[in-house]
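Read the structure below first, then the notes.
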Amino acid sequence: MSTDLPAEVSFPLDKQMLPVPGSKQPGFSPIYKSAAQPEWKTTCTVYDTLLRAKEENLEEQVAGWRPWNPVTNNFEPYFEWYTHQEVEEERTAIGSGLGALAKQGLLGNDLGETEWTVAIWTLNRPEFMIIDYANLAYSRRTVSLYETYDAASAQYILNHAETRVLFTTPNHVGVALAAAQQGKLPLLKAIVILDAFRPSKQTIKAGFVDPQRDVLAKEWAKTCDIQIFNWFEILDLGRKNLAAHIPPKYDSIHSFCYTSGTTGNPKAAIITAGMGGYVTTTMAFHKRGKFTVISYLPTAHIYARLCEIIVIRTGGRVGYFNGDTTRLLEDMSILKPDMFPSVPRVLNRIAALVQAQAAAPGLKAALLRKALATKIANHDRDGSLTHPLYDPLVFSKVKAVLGGKVQYITSGSAPIRGDVLKLLRVCLSCDVREGYGQTENYGFCTVMYPNDISMGSVGAVYPGMQLKLADVPELGYTSEDKPFPRGEVLVKSQCTFPGYYKDQAKTKEALTDDGFLRTGDIAAIDEFNRVKIIDRVKSLLKLSQGEYVAIDNLSEFYGQNPLAAQLLVHGDSFRDYLIGISVPEPTTFAPLASKILGSTITADNLAAMEEACREPKVVAAYLDQYTKIAQQNKMKGFEYIKGLYLTMQPFSVENGLLTPTFKVKRHEAVERFKDQIEQVYAQGPAQISSRTSKL
Numbered sequence: 001m002s003t004d005l006p007a008e009v010s011f012p013l014d015k016q017m018l019p020v021p022g023s024k025q026p027g028f029s030p031i032y033k034s035a036a037q038p039e040w041k042t043t044c045t046v047y048d049t050l051l052r053a054k055e056e057n058l059e060e061q062v063a064g065w066r067p068w069n070p071v072t073n074n075f076e077p078y079f080e081w082y083t084h085q086e087v088e089e090e091r092t093a094i095g096s097g098l099g100a101l102a103k104q105g106l107l108g109n110d111l112g113e114t115e116w117t118v119a120i121w122t123l124n125r126p127e128f129m130i131i132d133y134a135n136l137a138y139s140r141r142t143v144s145l146y147e148t149y150d151a152a153s154a155q156y157i158l159n160h161a162e163t164r165v166l167f168t169t170p171n172h173v174g175v176a177l178a179a180a181q182q183g184k185l186p187l188l189k190a191i192v193i194l195d196a197f198r199p200s201k202q203t204i205k206a207g208f209v210d211p212q213r214d215v216l217a218k219e220w221a222k223t224c225d226i227q228i229f230n231w232f233e234i235l236d237l238g239r240k241n242l243a244a245h246i247p248p249k250y251d252s253i254h255s256f257c258y259t260s261g262t263t264g265n266p267k268a269a270i271i272t273a274g275m276g277g278y279v280t281t282t283m284a285f286h287k288r289g290k291f292t293v294i295s296y297l298p299t300a301h302i303y304a305r306l307c308e309i310i311v312i313r314t315g316g317r318v319g320y321f322n323g324d325t326t327r328l329l330e331d332m333s334i335l336k337p338d339m340f341p342s343v344p345r346v347l348n349r350i351a352a353l354v355q356a357q358a359a360a361p362g363l364k365a366a367l368l369r370k371a372l373a374t375k376i377a378n379h380d381r382d383g384s385l386t387h388p389l390y391d392p393l394v395f396s397k398v399k400a401v402l403g404g405k406v407q408y409i410t411s412g413s414a415p416i417r418g419d420v421l422k423l424l425r426v427c428l429s430c431d432v433r434e435g436y437g438q439t440e441n442y443g444f445c446t447v448m449y450p451n452d453i454s455m456g457s458v459g460a461v462y463p464g465m466q467l468k469l470a471d472v473p474e475l476g477y478t479s480e481d482k483p484f485p486r487g488e489v490l491v492k493s494q495c496t497f498p499g500y501y502k503d504q505a506k507t508k509e510a511l512t513d514d515g516f517l518r519t520g521d522i523a524a525i526d527e528f529n530r531v532k533i534i535d536r537v538k539s540l541l542k543l544s545q546g547e548y549v550a551i552d553n554l555s556e557f558y559g560q561n562p563l564a565a566q567l568l569v570h571g572d573s574f575r576d577y578l579i580g581i582s583v584p585e586p587t588t589f590a591p592l593a594s595k596i597l598g599s600t601i602t603a604d605n606l607a608a609m610e611e612a613c614r615e616p617k618v619v620a621a622y623l624d625q626y627t628k629i630a631q632q633n634k635m636k637g638f639e640y641i642k643g644l645y646l647t648m649q650p651f652s653v654e655n656g657l658l659t660p661t662f663k664v665k666r667h668e669a670v671e672r673f674k675d676q677i678e679q680v681y682a683q684g685p686a687q688i689s690s691r692t693s694k695l
């Protein structure tokens, strides 16, 4: 078994994947493999690779946070850091402490030292890394809950995962104890309470906890047969009962990652130790170096965990944000990360604000337009990302928003348009690439090749992977299509999951008999043998005249509207056109409304903007932006949004309209806005000029 990082390879841009000779079967494309490194295999686990990272970087920083100062009632303006050695000591102590509880029978009489579940319900913080690595060291299972989960969702997951110990912050303790008191968490035996905000290293080393903090919780817990501990008590117990590591086997369960579907209960994807071993070594083909990355995406999502373990394996460090997304840019200005994992929702907002500034009148906007045009032309010619004049004069302020030192941005979890990636590349003067994957393969399937300046694809498969397309004839997609084969993406590798926990039926739906994962995504293999996602198997909507509309695809295009923060594209089989429910972006919407209504409306005056949303002239101007986008992208007439309802009330996790991964819950949103939808349809479709609409 080797934990060495692979040798660097070259990446051919003309043909990025190679079809395997003789692999084409009826109803399928050939199997494709990476042209850079077709064959690649590892037998190490994520425990092995992270242990190697520790050995190579023992005194190097790995986990950072902004300490909470109780005197100023604020976070300190700096990051403190744990080294690999400090994390290793604490993970062994925490793991040993939990093992001691099990040996004492406090976690149930049926429990051994390994193969039971520990849950983490908290915002991103160094304790997540320590707990997760402790579970790895002793072959236990991690399940992470989204901070935004309500009581019912948390209860379902804690039960389904058979959780024995819950690490959480004070705001969730009452929820857990209330459920336990009602007999709804029969297997939960211990809750470890973390500080609401992580203090300084000096305070942590002193082991100080307010003695009054947990008194009520402990009294309440006595009625539920649950033990209450704080972080330092588990550390102390472990240090007094140190136990040797019990490393996981290759196929041992490392974690349950719950998919946050838009309907029904989430499914628990089984993540094995071997899957993590594969991704931590394989990613080094594409990117290596001691990066500083900011952790702000939810650690319950596989994408966030993927980014962290990859950075750590290659000697980098993770700085955890303070927990308040409105202060994320403040964290980044202090941390100055050189890697920024992100999602289209965030990147589209940055791009839209740049586009809005470029569209404004005046000399500054004219200079920005000239700078953008020049840098985009240079990028398209030779891939260059820097400019000696425009970078310091125009784009330094844009780059400073993300801390000023970002070199590498990844986009994942949802599709993003190629022109947005290109705009970000030239504005930020850094490598911006899109990746593609699912929870069921550790978020690890394809990625754009380095120096690929041709946008519009998600790149090629990683080394050692196999990918093929399956015909979907009912939707008109086949592997015989011209000019490019099209079909559902099927993928197989060492990071393909073994199935869903306690759900054989869903596992059978997800995996083929020969071990390929059915992704549900429709793709084409383009002229460079790259994967281009074009649709979802289940996202097609049939209108009343028989036309099929790819809702997810349209939403991606319409996401370019700088006036909009959020959009739900809606249609049904009883209507012959689409409408939208949109939440305006205050900073761009307020000037538009002010101009149309002839009165000054500021971006912080939500009441005035809500009134503006009811003005037909404002709605018409807003709809014009969507029409322009449709025209620019040569959409068909039935793909145009022809009616619109505006509201300043955002879709959120709290109001039930977004999943924890910020995807719109379509069914719930349609139900919430059913009256407004009927009103918009009652007004009839907006008239689109036949000169610009292709029917």
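So the sequence shown is numbered by full-length UniProt numbering: it starts at 1 and just counts up by one. Yeah, the Cβ is synthetic: ideal placement off N, Cα and C, and Gly gets one too. None of the values given here were measured: they were computed from a predicted structure.
About 5 Å separates the beta carbon of L423 from that of A351, a gap short enough to meet the 8 Å contact definition. DSSP places V670 in no beta strand (DSSP E) but in the uninterrupted alpha helix (DSSP H) bounded by 666-672. The beta-bridge partner set that DSSP reports for A269 consists of C257, Y500. Non-local C-beta neighbours of A608 in its own chain, meaning closer than 7 Å and more than five positions away in sequence, comprise I601, ordered along the chain.
Taking every protein chain shown into account, the CB of L194 has 16 or more other CB atoms within 10 angstroms, so this residue is buried. Cα atoms of F516 and D526: separation of roughly 21 Å, rounded to the nearest angstrom. In the displayed model, E60 falls within coil according to three-state DSSP, outside both helix and strand.
With fewer than 16 other beta carbons inside 10 angstroms of its own, Y548 counts as exposed. In terms of Cα proximity to N633, the closest of A565, F528, R417 is R417.
For Q545, the CB contacts under 6 Å within the same chain, skipping 5 residues up- and downstream, are D576 in chain order. Per DSSP, K492 is one residue of the beta strand (DSSP E) stretching across 486-492. Judged by DSSP in its simplified three-state form, P341 adopts strand. Fully enclosed alpha helix (DSSP H) runs of no fewer than 4 residues occupy 201-206, 215-222 of the region 181-222, in order along the chain. Residue environment for V71: exposed (fewer than 16 other C-beta atoms within 10 angstroms of its C-beta).
Contact annotation: S413 and V343 have beta-carbon atoms nearer than 8 Å. If you draw a straight line from the Cα of I94 to the Cα of F197, it comes to about 19 Å. In its own chain, leaving out the 5 sequence neighbours on each side, no residue places its CB closer than 6 Å to the CB of P186. Contact between A460 and A35 holds, with the beta-carbon distance rounding to 7 Å and staying under 8 Å. According to the DSSP secondary-structure assignment, R536 is paired through a beta bridge with D521. If you compare the alpha carbons of R381, R141, N124, M129 with that of T117, the shortest gap goes to R141. The alpha carbon of P562 has as its nearest neighbour, out of A356, S153, R486, Y436, the alpha carbon of A356. F11 sits buried, since 16 or more C-beta atoms from the chains shown fall within 10 Å of its C-beta. Close CB contacts of N322 within its chain, under the 7 Å cut and outside five residues either way in sequence, are with R66, F75, D331 (chain order).
If you draw a straight line from the Cα of R327 to the Cα of T122, it comes to about 18 Å. The C-alpha of G99 lies about 12 Å from the C-alpha of K240.
Our two residues, P199 and G174, have alpha carbons roughly 22 Å apart in a direct line. A straight line joining the alpha-carbon of Q494 with that of I677 spans about 46 Å. Going by C-alpha positions, P685 is about 9 Å away from L644.
The three-state reading of DSSP puts D150 in coil, since its state is none of H, G, I, E or B.
In chain order, G97, A100 place their CB closer than 6 Å to the CB of L237, counting only its own chain and leaving out the 5 sequence neighbours on each side. Here T512 is exposed: its Cβ has fewer than 16 other Cβ atoms, across all protein chains shown, within 10 Å.
Put simply, of Q182, K222, D214, E88 the residue whose alpha carbon is nearest the alpha carbon of L106 is K222. The secondary-structure analysis by DSSP pairs W40 with nothing; it has no beta-bridge partner. With a 10 Å radius around the Cβ and a threshold of 16 neighbouring Cβ atoms, K290 comes out exposed. In the DSSP assignment, R433 falls within the unbroken beta strand (DSSP E) covering 431-436.
Per DSSP, the continuous beta strand (DSSP E) segment holding F229 begins and ends at 227-230.
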